[in-house]
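Mapping of the sequence shown onto mature numbering (1 follows the signal peptide of the UniProt record, and there is no 0): residues -23 to -1, 1 to 545, in sequence order. Shown next, in structure tokens, is the structure this report addresses.
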Amino acid sequence: MRVSSRGSLFVLFGLLGAPSLLAPRAAASDGGIQSGAAEVGAPLLEGMGSHRRPITTRVPAAQRYFDQGLTLAYGFNHAEAERSFLAAARLDPSCAMCSWGAALVLGPNINAAMKDADVPRAYAHLERALALAPGAAPREQALIQALAKRYTKEPVADRAPLDRAYADAMGEVARRFPDDVDILALHAEALMDLSPWKYWEGGAPRANTQEIIGTLERAMRLDPNHPGANHYYIHVMEASTTPERALDAANRLAHLVPGAGHLVHMPGHIYIRVGMYHEAALANERAILADNRYARHADPANFYLRMYRMHNPHFLWFATTLEGRSADALRAARLLVAMIGEGSASGWHGGHGGGGEVDVMTEHFLATPLYAMVRFGRWRDILREAAPPLDRPYSRGVYHYASAIAHSRLGDEAAALGHLANLGKYADLHALAESTVSGVNSPKAVLSVAYRVASGELAADRGDLEGAIRQLEMAVKLEDGLRYMEPADWHHPTRQILGAILLRAGKAAEAERVYREDLANLPENGYSLFGLAQALEGQGKAIEAAEVRRRFEVAFARADIRLEASRF
């Protein structure tokens, strides 16, 4: 059955507050599980896929919880994974691997460093696993001994030697058991954790990257449906110059673990990179539904809800924007804000708890509706938005960026210049260089792009096209200097803006070059296809322009906007 994207988004809004579909399940063969999840401290969740790793236990329910915990770990729901591993340990107190799993998920991962507060608990889980290891199978003992390299009893100032020692130890385990797909996946993840999100430099692989790729490709040859191997492979390949190599992994992962929202979402990272924007949108619609169901069972303090669940509507906004679906993009942006409000009502206040404090990542999410309104030229809507509180400098900067362009478009240059001056003050704040909006780029770096874009837009609106081009060329350089993240930390590809101004200035050949560069970054995106067709027409290349127009019509087949230029 084919459901329209517009209709499905209405469904998403309805399900934000719907009853959970993920009730804990019971089975007579599970040896005690039917007495209730409350007794073991964790639910058994629906849609956890079919991945299994037999461990040394005689309690079927413990095995079941262990398998769930491992799958959740592969899906980056580490807190829920710990709950599952501990439930398994309660059901079978002699299970060494259950304590191994509980220790494993407290360590660092590519999206979060290890918390000092978790060190004693991880060490206690590890000590229990070590004490029980003599009764475990040889490969289980090897995994436990490798994990012993990762943890200390007390926090240390520099974890790098511990993480390196663990990765090296997992390499030895992988060489000893070269056909064990879980071991291969865990070895690859340990290597990825040494340099999170830094696997490529100028298109070339960095240290460990080739080993990570080779390890994961071997794992997927042995088991094409391994959730961890497919997930990690997408992450290591998404920022490469050949993201299409991970397309098969993305297609497989899309349906492997339908109850794990982050895994359902993950194919979108590759779909975006290869120009499959509608597929990326659909993946994130499904992920929103999965995580809405899961949220009914989750601890409200679970970091997964604060970040990974929010990532789904954020990505949906990103994908639908690239399809030209303005109404759906704005709905997704509003849904993201609604989810943050729901989280605040549960007591986590955007990530830190207490007093309504909001972290920068949450500020970035909260800015999404403003970004969407700029992207689609909703100038009067922008001016109806309230200014954020003074204690949120990043949000204030985004507000002034949007307001500057809106006032300029509506002909109020004085107000526009006032907002631009305020934006400049926030872009120069040294304090905004000391945090990140999504783990990689600082708010200062993002607002620096915003300042150059707004400066260029105001210059163009007053007829200073050469000045606008200079500002936007600086914006392009600043955007190119941002580290890779998806959705990109800067919301509006600067080449789409620069190309439009170059065309207004009669520089069609330069505009063509700029649009082709943007299409290399975002294949077949409708904005740059539209601009490229204009640039080709401006040079008298009618036949080539007609072909690009055809591609544009395909790209914007679901769009609800009409373009006159590559930006509003």
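Don't be surprised by glycine CBs; every beta carbon is placed ideally from N, CA and C. Every value quoted in this text rests on a predicted model; they were computed, and no experiment measured them.
Report the rounded CA-to-CA distance for residue i versus residue j, giving the unit in angstroms.
i, j, result
"Phe533", "Ala427", "26 Å"
"Ala452", "Arg460", "15 Å"
"Phe529", "Ala65", "54 Å"
"Met74", "Arg116", "10 Å"
"Val150", "Ser372", "47 Å"
"Leu107", "Ala119", "10 Å"
"Ala258", "Phe292", "8 Å"
"Asp159", "Ala114", "15 Å"
"Phe353", "Ser303", "7 Å"
"Met25", "Pro235", "7 Å"
"Ala146", "Leu163", "11 Å"
"Ala404", "Asp336", "18 Å"
"Glu362", "Gly416", "27 Å"
"His55", "Pro85", "10 Å"
"Gln516", "Glu489", "9 Å"
"Gly180", "Pro220", "11 Å"
"Tyr376", "Glu340", "11 Å"
"Leu224", "Gly238", "19 Å"
"Arg183", "Pro173", "11 Å"
"Met214", "Ser425", "28 Å"
"Leu455", "Arg273", "42 Å"
"Leu367", "Gly374", "10 Å"
Which residue comes first and which comes last in the alpha helix (DSSP H) that contains residue i?
i, result
"Trp77", "Ala73 to Leu81"
"Pro97", "Val96 to Leu109"
"residue 571", "In this structure the chain extends from -23 to 545, so residue 571 is not present and cannot be described."
"Pro244", "Pro244 to Arg250"
"Phe292", "Tyr285 to Leu299"
"Phe43", "Pro37 to Tyr51"
"Asn228", "Leu224 to Leu230"
"Lys126", "No alpha helix (DSSP H) holds Lys126; DSSP gives it neither H nor E."
"Phe507", "Gly503 to Gly515"
"Asn207", "Pro204 to Met214"
"Val531", "Ala519 to Ala532"
Could you have a look at residue i and say whether DSSP puts it in helix, strand or coil?
i, result
"Ser(-19)", "Because Ser(-19) carries a pLDDT of 39, less than 50, the predicted location of this residue cannot be relied on, and no value is offered for it."
"Pro115", "helix"
"Glu178", "strand"
"Ala398", "helix"
"Ser419", "coil"
"Asn269", "helix"
"Ala89", "strand"
"Trp356", "helix"
"Met462", "coil"
"Lys484", "coil"
"Met25", "coil"
"Gly407", "Reading the sequence as shown, one finds His at residue 407 and not Gly. In the structure shown, His407 sits in a helix (DSSP, three-state: H, G or I)."
"Arg535", "coil"
"Phe62", "helix"
"Asn498", "helix"
"Ala167", "helix"
"Ile189", "helix"
Shortest alpha-carbon distance to residue i belongs to which of the options?
i, options, result
"Asp44", "Ser432, Ser71, Ala79 and Asn207", "Ala79"
"Leu496", "Thr471, Tyr176 and Ala410", "Thr471"
"Glu262", "Thr297, Ile160 and Ala272", "Thr297"
"Ala306", "His468, His242 and Asn269", "His468"
"Ile121", "Ala99, Asp135, Ala523 and Val133", "Ala99"
"His232", "Ile249, Ile211 and Asn202", "Asn202"
"Ile87", "His212, Ala125 and Phe545", "His212"
"Arg544", "Asp140, Glu521 and Leu480", "Leu480"
"Asp438", "Ala364, Glu221 and Ile474", "Ile474"
"Ala167", "Ala181, Leu139, Asp157 and Arg153", "Leu139"
"Leu394", "Tyr403, Ser380 and His246", "Ser380"
"Arg386", "Tyr176, Pro290, Ala436 and Gly503", "Ala436"
"Tyr492", "Ser27, Glu443, Arg183 and Ala522", "Ala522"
"Asp93", "Leu124, Pro132 and Ala431", "Pro132"
"Gly433", "Gly476, Tyr504 and Pro346", "Gly476"
"Cys72", "Tyr42, Gln511 and Asp170", "Tyr42"
"Leu217", "Lys175, Asn228 and Arg270", "One detail in the question is off: residue 217 reads as Ser in this sequence, not Leu. The shortest C-alpha separation from Ser217 is found at Lys175."
"Gly318", "Phe342, Arg195 and Glu194", "Phe342"
"Leu312", "Glu487, Gly301 and Ala349", "Ala349"
"Gly18", "Gly52, Glu57 and Leu49", "Glu57"
"Ala125", "Gly440, Glu104 and Leu109", "Glu104"
The ligand MN and residue i: does any heavy atom of the ligand fall closer than 7 Å to the residue's C-beta?
i, result
"Ala445", "With respect to the ligand MN, the structure shown offers nothing to examine, as it has no ligands at all."
Quick one: does residue i have its CB under 8 Å from some CB of chain B?
i, result
"Pro346", "You won't find chain B in this structure, because it holds only one protein chain."
(request) Assess, as a yes-or-no matter, whether the stretch 187 to 194 is touched by the stretch 20 to 35 under the definition of 3 or more beta carbon pairs within less than 8 Å. (result) no
(message) Within 8 Å, do at least three Cβ pairs link the stretch 275 to 284 to the stretch 247 to 258?
(response) With contact defined as three or more Cβ pairs closer than 8 Å, the stretch 247 to 258 and the stretch 275 to 284 are not in contact.
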